[in-house]
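Some notes on the structure that comes next.
Chains as they are written, first to last, in our numbering: chain C, 1 to 600; chain S, 601 to 894.
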């Protein structure tokens with residue numbers, strides 16, 4: 001057997017509606033003897049019975065709907081094998097409203113066949129699909145100028161289209177080979193056309209086999225978005241296992257890893273695998289699992305990189321190139337979710353810089369939304385800092401999608417990281433985390449011992465609404481139930497830790513530094529496993545971001561007491577501050593809902 | 601250099617881990633057939649020897665007895681969290697094809713689709729294996745499953761080739777083929793509106809041949825009905841005994857099945873050709889699947 005015969009390649013077939021994608025694929029399957037036995041005859045018989053002319057496209061239309069409408073709805077998967085290797089063909093339909101299926105197919109493809117009708121020529125979707133391929137990172141393309149039978153097998157007709165489309169591809173930085181074909185008659189698909197003797201390039205089958213299987217990016221810096229940290233202690237398994245799929249590079253036992261955006265550092269203790277001995281290395285493309293020497297606190301969404309290799313970027317404001325597939329436009333000021341690697345963060349569009357129609361590359365500026373099927377440059381802002389790479393360096397982790405009302409409606413590439421207010425603070429926190437003296441006890445071990453997760457409960461609100469009264473009531477309540485809890489009065493920080501910056505009078509310029517120090521003190525208490533209750537007057541969202549940047553925990557619960565809330569996004573608002581016991585019970589329910597305390 | 605089975609395995613494990621990280625109430629359907637058993641094996645790999653979610657089996661009461669024995673054997677041996685659901689009412693009313701009251705498709709709809717929907721939603725009782733008592737007991741937990749892992753493959757038939765890895769189902773478990781979200785790179789649909797659920801398909805890119813190659817490579821225990829029963833017949837796909845028929849084959853182990861699929865008598869013959877319900881009308885399976893069938 002051919003040694004490479006087990007090689008597999010994913011191919012997307014794209015193109016404008018009715019330009020003949022399904023016919024080309026049907027013909028390719030028929031001419032390479034790849035169809036199930038009797039399938040061709042079965043469809044031919046069906047056509048005879050229903051007095052329809054047979055078409056190779058019918059072979060793909062396994063669904064009732066498609067047969068009724070004569071269109072291909074989804075990116076069907078078709079398995080096919082040449083003498084060289086296995087192919088998975090992702091048939092991407094051309095109808096404009098099915099662009100998301102084309103994107104689905106193309107984003108899993110290593111190469112593309114793009115079909116253009118010789119009679120109709122280059123259409124809007126021919127260009128739009130070309131543009132999508134470039135954004136999605138598919139750079140090996142063969143353009144099939146189809147229906148040459150209808151163009152009189154004319155070399156001029158072929159070259160006219162090839163020149164026009166070649167020019168378009170050049171503008172977007174792509175190149176391709178061009179093949180004149182007839183799916184209907186079978187010319188230049190699996191066998192060479194005698195009617196187009198003027199063409200001496202490859203057939204479609206030869207072009208497929210000439211695509212290069214790109215090596216996995218094992219020689220790039222190590223990147224692994226953390227998918228999860230597993231602990232199956234209830235099943236008697238004491239291992240604490242970090243898992244994720246390696247995007248680039250490789251990881252081995254003993255490697256020093258840094259996790260971003262936190263900057264936490266640890267060394268790989270063991271590589272783990274079930275059912276067979278552990279491997280020597282986990283590299284790009286592999287679903288990895290390993291344990292760490294030091295018990296650092298890790299969560300899904302962080303990116304693992306190797307110390308000494310280029311670090312990923314960190315930020316919460318960035319310039320992106322994106323495309324939008326939602327019927328509702330992408331708008332500034334609306335709340336969305338952004339997913340990069342395994343991170344998911346609330347996100348807003350800060351500005352739309354320019355908008356382009358991908359079918360003609362026409363640019364528009366001065367609009368504050370991105371319409372259906374438009375491509376745009378925008379500035380995005382996430383709620384909290386995330387780690388990623390830039391598209392011109394390591395594209396894999398520059399790729400993101402936008403979730404709107406539960407659905408993925410757009411995607412794109414991060415091009416540039418922009419400054420934000422907390423950046424200097426993050427730098428200091430990262431420095432702190434790098435230098436942090438590690439306990440041999442993990443955070444989870446403490447949590448198990450204390451039957452609680454560490455959390456910071458921030459009680460805020462206007463002056464004199466009873467914040468301290470509530471804080472004390474809550475402290476007593478949790479303490480009585482056996483929790484490890486501490487109420488930290490603001491004065492305890494102000495006149496001690498802040499002694500050097502606290503100036504008398506109405507001067508508030510020290511406030512950011514005060515909040516940072518408050519965050520640092522809270523961070524120590526949380527690391528020790530405490531539920532810490534802090535009160536502060538009139539916190540805003542930007543105040544909260546400062547505290548968040550300093551505290552290495554997701555577990556910050558914001559309680560707003562009384563009316564007249566600032567822009568802060570509170571986890572709980574208590575309207576009636578007059579009954580502290582009832583209010584404390586409400587906060588307790590919140591902590592139960594969030595899984596911070598478990599007992600009743 | 602990773603071979604094609606490694607590539608398939610890595611992607612499937614990635615998808616299983618994404619499902620586990622994103623869905624609070626997750627389960628995996630296990631028909632005890634070869635595909636879902638490979639899926640179960642992959643889950644043990646993904647979670648380093650554990651299966652951290654329940655397995656759900658829909659019992660029609662017409663499964664070949666060895667399938668149920670095998671299910672319970674592995675449940676004990678691998679310490680699986682095993683749940684089964686069943687359409688007791690239809691069985692009591694004898695609304696089944698073997699009882700002669702309904703046709704094959706109606707029987708599938710009642711005993712499989714309806715039982716599946718109501719088991720997933722928690723509307724009907726679920727029977728959960730109690731390992732210390734060594735028996736199935738009615739599960740007091742009726743929480744609906746919001747993520748359902750299913751072992752279907754795109755090469756099985758046309759409508760399955762249109763699936764996504766993460767595919768949404770509405771409140772009635774129905775599937776709208778024309779309105780599916782895009783899957784970019786390795787980002788999947790993991791957000792869902794209340795009352796809906798997502799079906800997760802980690803084996804979408806596997807072929808029947810890949811499944812057998814993997815079973816052979818990993819030495820995965822499978823039901824013996826897949827092999828020559830001594831009479832020159834074996835099952836190529838497993839289902840209910842009144843509607844699933846063995847094929848003529850003398851393959852006695854995975855190696856011989858692989859040979860049969862690669863170059864022997866089964867090359868280019870559709871896998872489900874031994875299933876009678878698919879032949880009832882041209883789109884039988886598609887109709888069933890739109891309504892919530894696997």
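Ideal placement from N, C-alpha and C gives every residue a C-beta, glycine not left out.
Quick one: Cα of residue i to Cα of residue j, how far?
{"i": "residue 853 of chain S", "j": "residue 827 of chain S", "result": "6 Å"}
{"i": "residue 727 of chain S", "j": "residue 683 of chain S", "result": "5 Å"}
{"i": "residue 805 of chain S", "j": "residue 260 of chain C", "result": "32 Å"}
{"i": "residue 648 of chain S", "j": "residue 59 of chain C", "result": "42 Å"}
{"i": "residue 299 of chain C", "j": "residue 258 of chain C", "result": "13 Å"}
{"i": "residue 627 of chain S", "j": "residue 288 of chain C", "result": "23 Å"}
{"i": "residue 387 of chain C", "j": "residue 303 of chain C", "result": "6 Å"}
{"i": "residue 837 of chain S", "j": "residue 810 of chain S", "result": "15 Å"}
{"i": "residue 610 of chain S", "j": "residue 241 of chain C", "result": "17 Å"}
{"i": "residue 124 of chain C", "j": "residue 359 of chain C", "result": "5 Å"}
{"i": "residue 165 of chain C", "j": "residue 180 of chain C", "result": "13 Å"}
{"i": "residue 475 of chain C", "j": "residue 498 of chain C", "result": "24 Å"}
{"i": "residue 283 of chain C", "j": "residue 55 of chain C", "result": "45 Å"}
{"i": "residue 510 of chain C", "j": "residue 137 of chain C", "result": "48 Å"}
{"i": "residue 766 of chain S", "j": "residue 603 of chain S", "result": "25 Å"}
{"i": "residue 189 of chain C", "j": "residue 43 of chain C", "result": "21 Å"}
{"i": "residue 802 of chain S", "j": "residue 863 of chain S", "result": "27 Å"}
{"i": "residue 520 of chain C", "j": "residue 470 of chain C", "result": "23 Å"}
Starting from the Cα of residue i, find the closest Cα among the options and give me that residue.
{"i": "residue 336 of chain C", "options": "C/328, C/342, C/348, C/329", "result": "C/348"}
{"i": "residue 664 of chain S", "options": "S/717, S/840, S/863", "result": "S/840"}
{"i": "residue 325 of chain C", "options": "C/100, C/593, C/49", "result": "C/100"}
{"i": "residue 551 of chain C", "options": "C/579, C/430, C/480", "result": "C/430"}
{"i": "residue 294 of chain C", "options": "C/327, C/239, C/341, C/6", "result": "C/239"}
{"i": "residue 372 of chain C", "options": "C/143, C/328, C/535", "result": "C/328"}
{"i": "residue 717 of chain S", "options": "S/704, S/667, S/770, S/779", "result": "S/770"}
{"i": "residue 109 of chain C", "options": "C/115, C/116, C/92", "result": "C/92"}
{"i": "residue 605 of chain C", "options": "C/381, C/117, C/222, C/345", "result": "The first residue shown for chain C is 1 and the last is 600, placing residue 605 of chain C beyond what the model contains."}
{"i": "residue 81 of chain C", "options": "C/390, C/98, C/29, C/219", "result": "C/29"}
{"i": "residue 18 of chain C", "options": "C/10, C/32, C/117, C/34", "result": "C/117"}
Consult DSSP for residue i and reduce its assignment to one of helix, strand or coil.
{"i": "residue 28 of chain C", "result": "helix"}
{"i": "residue 177 of chain C", "result": "strand"}
{"i": "residue 576 of chain C", "result": "coil"}
{"i": "residue 850 of chain S", "result": "coil"}
{"i": "residue 433 of chain C", "result": "helix"}
{"i": "residue 797 of chain S", "result": "strand"}
{"i": "residue 627 of chain S", "result": "strand"}
{"i": "residue 324 of chain C", "result": "strand"}
{"i": "residue 284 of chain C", "result": "coil"}
{"i": "residue 807 of chain S", "result": "coil"}
{"i": "residue 657 of chain S", "result": "strand"}
{"i": "residue 232 of chain C", "result": "coil"}
{"i": "residue 440 of chain C", "result": "coil"}
{"i": "residue 750 of chain S", "result": "coil"}
{"i": "residue 362 of chain C", "result": "strand"}
Answer with buried or exposed for residue i, where buried requires no fewer than 16 other C-beta atoms within 10 angstroms of its C-beta.
{"i": "residue 426 of chain C", "result": "buried"}
{"i": "residue 495 of chain C", "result": "exposed"}
{"i": "residue 167 of chain C", "result": "exposed"}
{"i": "residue 156 of chain C", "result": "exposed"}
{"i": "residue 438 of chain C", "result": "exposed"}
{"i": "residue 677 of chain S", "result": "exposed"}
{"i": "residue 212 of chain C", "result": "exposed"}
{"i": "residue 466 of chain C", "result": "buried"}
{"i": "residue 612 of chain S", "result": "buried"}
{"i": "residue 473 of chain C", "result": "buried"}
{"i": "residue 187 of chain C", "result": "buried"}
At a threshold of 7 Å, does residue i count as lining the ligand FMN (C-beta to nearest heavy atom)?
{"i": "residue 675 of chain S", "result": "As presented, the structure is devoid of all ligands, the ligand FMN included, so that no description of it is given."}
Would you please verify whether the beta carbon of residue i is less than 8 Å from any beta carbon of chain D?
{"i": "residue 614 of chain S", "result": "Within the model displayed, chain D is absent; protein chains C and S are what it includes."}
With 9 Å as the C-beta to C-beta threshold (strictly closer), list the residues of the stretch 774-787 of chain S near chain C in chain order.
Among the residues of the stretch 774-787 of chain S, those with a Cβ less than 9 Å away from any Cβ of chain C are 777, 778, 780, 781, 782, 783, 784, 785, 786, 787, in the order of the chain.
What residues in the stretch 398-415 of chain C bring their beta carbon closer than 7 Å to a beta carbon of chain S?
Within the stretch 398-415 of chain C, the residues whose Cβ lies closer than 7 Å to some Cβ of chain S are 399, 401, 403, 406, 407, 408, 411, listed in chain order.
Residues of the stretch 312-328 of chain C whose Cβ lies closer than 8 Å to any Cβ of chain S, in chain order
Taking 8 Å as the cut-off between beta carbons, the residues of the stretch 312-328 of chain C near chain S are 325, in sequence order.
Chain C contacts made by the stretch 651-682 of chain S, where a contact means CB separation under 9 Å:
Of all residues in the stretch 651-682 of chain S, the ones placed with a Cβ closer than 9 Å to any Cβ belonging to chain C are 652, 679, in chain order.
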